[in-house]
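Residue numbers (our numbering): 1 to 296. Where a beta carbon is used, it is the ideal one built from N, C-alpha and C, also for glycine. One structure is given here, and the rest of the page talks about it.
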């Protein structure tokens, strides 16, 4: 029987290697092999990023266990709420109490719902985008944070789900603390945003009583010529809200193009209100008043 490669490129369980004929001595941690988790081995020279850690843990997980919560957000490529930014633990969930995970560095969740929606990401079982939204959303205290999270699943360039699916999953979730707030805030989620700060700009304006602008609306001339995709737009009032983030500092070509196109907007009668981070993280009064005057 051929022996397993002592320096595999992927994590493997000690049990599987023993079944294949490896000796216990060859599987000892140290030297060429490390043990990211008990009963798991990985080449010492291998990467130790999130995906590798998840792959290592997956080798010893039960069939009903899926990666969830903040770990699922990262695997799905979704912006992580600031309240979870420092959480490096691997989160998993299962509806089967017999497969509960009890390992250092792992947070195990139990699902008591009738259904647990799961997708496959890089060969791993991961809670679906809508399921992950609910799992994370019920733990957020502020209503606006739930909306920001929902928008993050519906980026213009990465539409992972739909508002309808978020609502369906939230409605199907029963007897979970925080689910009422999640259900209430889904209707404020808007598909097609490009960043967290764009969402927070929109929420700042609507919280002040201003109408909800359209998100990433394209302005064209009467003959169809493309002018600009506006971050937020009040088409009836011809007012555009543009958020300037760090990309305008690091990408000079993008900055020049935005300046040119904003001038074009103004030439055709659109009032452009520019927002920056300080307008959002502060009390926001000045941005709200500038927008209010433009709408008048």
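Buried versus exposed call for residue 101 [16 or more other C-beta atoms within 10 Å across all chains shown]: A buried status is given to residue 101, since no fewer than 16 other beta-carbon atoms sit within 10 Å of its beta-carbon.
Residue range of the beta strand (DSSP E) that includes residue 94: Residues 90 to 94.
Which of helix, strand or coil DSSP assigns to residue 13: It is a strand residue.
Helix, strand or coil at residue 87 according to DSSP, with G and I counted as helix: Of the three classes helix, strand and coil, the one that applies to residue 87 here is coil, per DSSP.
Residue nearest to residue 187 in terms of C-alpha spacing, selected from 168, 250, 160: Per the Cα distances, 168.
Of the listed residues 233, 34, 132, 32, nearest to residue 173 (C-alpha basis): Answer by Cα proximity: 132.
Opening and closing residue of the alpha helix (DSSP H) in which residue 35 lies: Residue 35 -> no alpha helix (DSSP H), and no H or E assigned at all.
Residue 238, enclosing beta strand (DSSP E) - first and last residue: Counting along the chain, no beta strand (DSSP E) covers residue 238, and no H or E run does either.
Residue 24 to residue 18 span [Cα, whole Å]: Approximately 7 Å, taken between the alpha carbons.
Same chain, Cβ closer than 6 Å to residue 185, neighbours up to 5 away in sequence not counted: Closer than 6 Å at Cβ, skipping near neighbours: 143, 146, 147.
Neighbourhood of residue 7 by C-beta distance below 7 Å, restricted to the same chain and skipping five residues each side: In this prediction, residue 7 scores a pLDDT of 49, lower than 50, which makes its location untrustworthy; the coordinate-derived value is nonetheless stated afterwards. Excluding sequence neighbours, residue 7 sits near 32, 43.
Rounded distance between the beta-carbons of residue 65 and residue 94, thought under 8 Å: 4 Å between Cβ atoms; contact.
Distance CB(residue 232)-CB(residue 262) smaller than 7 Å: Cβ distance not < 7 Å, so residue 232 and residue 262 don't count as in contact.
Residue 87 beta carbon less than 7 Å from that of residue 70: Yes. Within cutoff.
Rounded C-alpha distance that separates residue 205 from residue 234: When only Cα atoms are considered, residue 205 and residue 234 end up about 12 Å apart.
Per-residue burial, residue 291 [other beta carbons within 10 Å of its own, 16 or more giving buried]: Under this definition residue 291 is a buried residue.
For residue 43, the residue or residues it bridges with in DSSP: Answer is 33, bridged to residue 43.
C-beta contact flag for residue 72 and residue 161 at 7 Å: No.
Residue range of the alpha helix (DSSP H) that includes residue 252: Counting along the chain, the alpha helix (DSSP H) containing residue 252 begins and ends at 252 to 267.
Proximity below 7 Å, CB of residue 251 to CB of residue 276: Here residue 251 is not near residue 276, since their CB atoms are 7 Å or more apart.
Selection from 40, 141, 11 that minimises the alpha carbon distance to residue 123: For the residues 40, 141, 11, the minimum Cα distance to residue 123 belongs to 11.
Every unbroken alpha helix (DSSP H) inside the stretch 69 to 146 [4 residues or more]: Within the stretch 69 to 146, the complete alpha helix (DSSP H) runs of at least 4 residues are 69 to 76, 129 to 137.
Cα-Cα separation between residue 91 and residue 259, rounded to whole angstroms: Their Cα atoms are separated by approximately 44 Å.
CA nearest to the CA of residue 198, picked from 222, 166, 178, 154: If you compare the alpha carbons of 222, 166, 178, 154 with that of residue 198, the shortest gap goes to 154.
Alpha-carbon spacing of residue 62 relative to residue 99, whole angstroms: When rounded, the distance between both Cα atoms is 6 Å.
Beta carbon of residue 137 nearer than 7 Å to that of residue 149: Cβ distance < 7 Å, so residue 137 and residue 149 count as in contact.
Close Cβ partners of residue 34 (< 6 Å) along its chain, the five nearest in sequence each way excluded: The answer, listed in chain order, is 42, 44.
Distance CB(residue 50)-CB(residue 74) smaller than 7 Å: Closer than 7 Å, so yes.
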